[in-house]
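I have placed the structure first, in the form of structure tokens, so that the comments after it can refer back to it.
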Amino acid sequence: MSVDSQSTFLQIPQTGDPIQKPKGLGVHRTGHVTLFSPDPAASAEYAVEKLGFLHAGHDEEGRYYLAGHGPDAYSLVYTPGVKGIEAISYIVTDEAALEEAAATLTKAGIAITRGNETSKFRSGPTVRFQTPAGHPIELRIGHAPNVPVAASTRRPNVAPAPIASDHVVMRTADMDAEIDYAATTLGLMESSRIQLPDGSPLMVFFRANKLYHCLALARSEVDGLHHVQFTVKDGPAVLEAHESMTKNGVEVLWGPVRHGPGHNVAIYFRDHVGHIMEFSSEEETILDDENYSPQRWSGGDHRSMDEWGSFPPESFM
């Protein structure tokens with residue numbers, strides 16, 4: 001996922017051909033992410049005290065549920081384990097959409113696991129499966145507004161104040177296979193990509209709805225999680241989070257930055273376990289899928305990483 005941090009040449013981002021909106025699995029948006037932790041209780045406490053999440057509770061299996069300041073019951077879950085991601089949970093609109101997605105996956109020969117548990121924290125049913133790289137995906141029924149969640153949420157009066165989970169970035173060794181799977185099986189639409197000098201993709205950004213991306217793939221030698229993101233209300237809220245977290249002993253790895261792809265203002269840091277997290281806002285929305293052409297950014301153009309001129313440190317890679 002590295003680029004030449006000394007390269008400073010600028011290129012006008014190019015565009016590809018408009019893409020037809022795929023049928024896919026009916027994914028509407030990201031609902032929450034579930035991360036492994038050797039001590040979920042301590043990870044949850046850190047997320048509340050340092051990162052601005054709210055305790056939603058815990059269950060008998062040792063999972064700790066953390067809410068943002070938006071409408072979702074929870075946006076982040078810690079479950080017993082070592083490290084990494086247990087599932088990216090995507091929202092579909094209703095039970096009919098979930099059943100249609102399950103049928104589509106089964107017809108394509110993709111193994112699925114169904115969950116029907118309904119409890120205080122789990123509003124079943126769910127469908128789980130994996131991408132070719134082993135990235136874990138969950139589909140569940142949830143809140144599916146016509147506008148990004150943060151846009152319809154009242155500005156919290158505290159900082160930091162994550163509102164909702166909006167995207168996840170996964171490391172990918174076989175970019176071509178994962179790009180094809182995201183587009184054809186998941187039914188996500190490409191918003192842009194960052195390219196290496198030979199034209200091969202360094203990063204690719206996919207959206208399910210109007211918001212610029214719910215998933216990004218990053219070229220890597222190994223498969224797995226790169227980072228999880230949570231949206232705050234606006235640009236000033238990112239800066240307020242940076243100030244508050246720094247005073248509270250959280251090391252900011254990178255930022256504030258403004259990315260070229262998506263144009264969001266962001267900061268990056270680690271959670272209690274060491275997972276990279278992002279707080280960001282002002283992400284671009286795409287309103288006309290039929291006429292939108294995915295952008296092509298050069299990896300050597302610093303704006304693809306930060307329009308304000310920085311490159312990510314090695315600790316971010």
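In case it helps, UniProt numbering puts the sequence shown at residues 1 to 317. Built from N, CA and C at the ideal position, the CB exists for glycine as well.
(message) Using 9 Å as the threshold, is the C-beta distance between F36 and G84 below it?
(response) By one-based count along the sequence shown, residue 36 stands at place 36. By one-based count along the sequence shown, residue 84 stands at place 84. The Cβ atoms of F36 and G84 lie closer than 9 Å to each other.
(message) Using DSSP's beta-bridge definition, name the partner residues of P261.
(response) Within the sequence shown, residue 261 is the residue found at index 261, counting from 1. Answer by DSSP bridge pairing: none, since P261 is not bridged.
(message) Taking the alpha carbon of S192 as the reference point, which residue from A41, P145, M203 has its own alpha carbon closest?
(response) Position 192 of the sequence shown, counting from 1, holds the residue named residue 192. Residue nearest to S192 within the set A41, P145, M203 is M203 (criterion: CA-CA distance).
(message) On the DSSP letters alone, give me the boundaries of the alpha helix (DSSP H) that I179 sits inside.
(response) On the sequence shown, residue 179 is found 179 positions in, with the first residue counted as 1. It spans 175-184 - the alpha helix (DSSP H) in which I179 sits, taken as one unbroken run.
(message) Buried or exposed, going by whether 16 or more other CB atoms sit within 10 Å of the CB of L10?
(response) Along the sequence shown, one-based indexing puts residue 10 at 10. Model confidence at L10 stands at a pLDDT of 49, short of 50, so the residue's coordinates are unreliable; what they give is reported in the following sentence. Counting the other CB atoms within 10 Å of its CB gives L10 a total below 16, which places it among the exposed residues.
(message) For L225 and A96, what's the separation of their Cα atoms in angstroms?
(response) Working through the sequence shown from its first residue, we reach residue 225 at position 225. Working through the sequence shown from its first residue, we reach residue 96 at position 96. Straight-line Cα distance between these residues: approximately 30 Å.
(request) Please name the residue or residues paired with S192 in a DSSP beta bridge. (result) What you label residue 192 is simply residue 192 of the sequence shown in a count that begins at 1. The beta-bridge partner set that DSSP reports for S192 consists of F205, Q295.
(request) Evaluate the contact criterion for the stretch 294-312 versus the stretch 208-222: three or more CB pairs, one atom per stretch, below 8 Å. (result) Between the stretch 294-312 and the stretch 208-222, the count of Cβ pairs shorter than 8 Å is below three; the stretches do not touch.
(message) Need the endpoints of the beta strand (DSSP E) that L139 sits in, please.
(response) Locating residue 139 in the sequence shown gives position 139, counting from the first residue. Segment 136-141, the beta strand (DSSP E) holding L139.
(request) Answer yes or no: do G109 and P197 have a C-beta to C-beta separation smaller than 9 Å? (result) For the purposes of this step, residue 109 is taken as residue 109 along the sequence shown, with counting starting at 1. For the purposes of this step, residue 197 is taken as residue 197 along the sequence shown, with counting starting at 1. No, they are not a contact pair.
(message) So the candidates are E221, V250, E282, I267; which of them puts its Cα closest to the Cα of G235?
(response) Your numbering for residue 235 matches position 235 in the sequence shown. Put simply, of E221, V250, E282, I267 the residue whose alpha carbon is nearest the alpha carbon of G235 is E282.
(request) Please go through the same chain and pick out, in chain order, the residues whose beta-carbon is closer than 7 Å to the beta-carbon of L94, but skip the five residues on each side of it. (result) Translated into the one-based positions of the sequence shown, residue 94 becomes position 94. Going by the sequence as given, residue 94 is Asp instead of Leu. These residues qualify, in order along the chain: I141.
(message) Tell me whether the stretch 53-70 and the stretch 160-177 touch, counting them as touching only if at least three CB pairs, one residue from each stretch, are closer than 8 Å.
(response) The stretch 53-70 vs the stretch 160-177: in contact.
(message) According to DSSP, is P145 part of a helix, a strand, or is it coil?
(response) Indexing the sequence shown from 1 puts residue 145 at position 145. In this structure, P145 counts as coil in the three-state DSSP scheme.
(message) What would DSSP say about Y212, mapped onto helix, strand or coil?
(response) Translated into the one-based positions of the sequence shown, residue 212 becomes position 212. Three-state DSSP puts Y212 in coil, outside helix and strand.
(message) One question on the structure: do H272 and E61 come within less than 9 Å of each other, judged by their Cβ atoms?
(response) The residue you call residue 272 lines up with position 272 of the sequence shown. The residue you call residue 61 lines up with position 61 of the sequence shown. Their beta carbons are not under 9 Å apart, which means H272 does not touch E61 by this criterion.
(message) Suppose you measure from the CA of E243 to the CA of T106; what does that come to, to the nearest Å?
(response) Mapped onto the sequence shown, residue 243 falls at position 243. Mapped onto the sequence shown, residue 106 falls at position 106. Looking at the two C-alpha atoms, the distance is approximately 48 Å.
(message) Can you check which of these residues, H227, D39, P38, S75, is closest to A56 by C-alpha distance?
(response) As a first step, residue 56 is located in the sequence shown; it is residue number 56 there, counting from the start. Ranking the options by Cα distance to A56, first place goes to S75.
(request) Inspect the beta-carbon positions of V228 and V168 and report whether they are closer than 9 Å. (result) Looking up residue 228 in the sequence shown gives position 228. Looking up residue 168 in the sequence shown gives position 168. Taking C-beta atoms as the reference points, V228 and V168 count as a pair closer than 9 Å.
(message) Give me the residue from V158, G134, Y78 with the minimum Cα distance to H58.
(response) To locate residue 58, count along the sequence shown from 1; it is residue 58. Taking the Cα of H58 as reference, the smallest distance to any Cα among V158, G134, Y78 is reached at Y78.
(message) Considering Cα atoms alone, identify which of N248, K247, L239 is closest to P256.
(response) Counting from one through the sequence shown, the residue named residue 256 turns up at place 256. The residue with the shortest Cα to Cα distance from P256 is L239.
(message) Less than 9 Å between the beta carbons of A237 and P136, yes or no?
(response) Within the sequence shown, residue 237 is the residue found at index 237, counting from 1. Within the sequence shown, residue 136 is the residue found at index 136, counting from 1. No. Outside cutoff.
(message) Taking the alpha-carbon of D174 as reference, which of L98, R303, A144, A133 has the nearest alpha-carbon?
(response) Along the sequence shown, read from residue 1 onward, the residue named residue 174 stands at position 174. Of the candidates L98, R303, A144, A133, the one whose C-alpha sits nearest the C-alpha of D174 is A133.
(request) Go ahead and pull the three-state DSSP assignment for T93. (result) Here residue 93 refers to the residue found at position 93 of the sequence shown. If DSSP states are grouped into helix, strand and coil, T93 belongs with coil.
(message) Which complete alpha helix (DSSP H) runs does the UniProt domain "VOC" (29-142) hold, if anything under 4 residues is left out?
(response) DSSP runs (the alpha helix (DSSP H)) wholly in the UniProt domain "VOC" (29-142): 40-51, 95-107.
(message) What would DSSP say about F311, mapped onto helix, strand or coil?
(response) Taking the first residue of the sequence shown as position 1, residue 311 is located at position 311. The answer is coil: DSSP assigns F311 none of H, G, I, E or B.
(request) Could you tell me the distance, in whole angstroms, from the CA atom of Q223 to the CA atom of D288? (result) Within the sequence shown, numbered from 1, the residue matching residue 223 stands at position 223. Within the sequence shown, numbered from 1, the residue matching residue 288 stands at position 288. The displayed chain sequence assigns Asp, not Gln, to residue 223. Straight-line spacing of the CA atoms in D223 and D288 works out to 32 Å.
(message) Checking 9 Å against the spacing of the C-beta atoms, do D72 and G31 come in under that value?
(response) As a working mapping, residue 72 is identified with position 72 in the sequence shown. As a working mapping, residue 31 is identified with position 31 in the sequence shown. Yes, the Cβ-Cβ distance between D72 and G31 is below 9 Å.
(request) Inspect the beta-carbon positions of G262 and E278 and report whether they are closer than 9 Å. (result) Your numbering for residue 262 matches position 262 in the sequence shown. Your numbering for residue 278 matches position 278 in the sequence shown. Against a cut-off of 9 Å, the Cβ pair of E278 and G262 comes out as no contact.
(message) If you reduce the DSSP assignment to three classes, tell me which class L239 lands in.
(response) Within the sequence shown, residue 239 is the residue found at index 239, counting from 1. It is helical.
(message) Measuring only from the beta carbon, is P312 closer than 8 Å to any heavy atom that is part of the ligand FAD?
(response) Within the structure as shown, the ligand FAD is missing, as the structure has no ligands at all.
(request) Please state whether DSSP places S165 in a helix, a strand or coil. (result) Locating residue 165 in the sequence shown gives position 165, counting from the first residue. Strand, per DSSP.
(request) Would you tell me roughly how many angstroms separate the C-alpha atoms of I91 and S123, rounded to the nearest one? (result) Locating residue 91 in the sequence shown gives position 91, counting from the first residue. Locating residue 123 in the sequence shown gives position 123, counting from the first residue. Their backbone Cα atoms lie some 12 Å apart in a straight line.
(message) I'd like to check one pair, A102 with I112: are the Cβ atoms closer than 9 Å?
(response) The residue you call residue 112 lines up with position 112 of the sequence shown. The residue you call residue 102 lines up with position 102 of the sequence shown. I112 is a Cβ neighbour of A102, given a cutoff of 9 Å.
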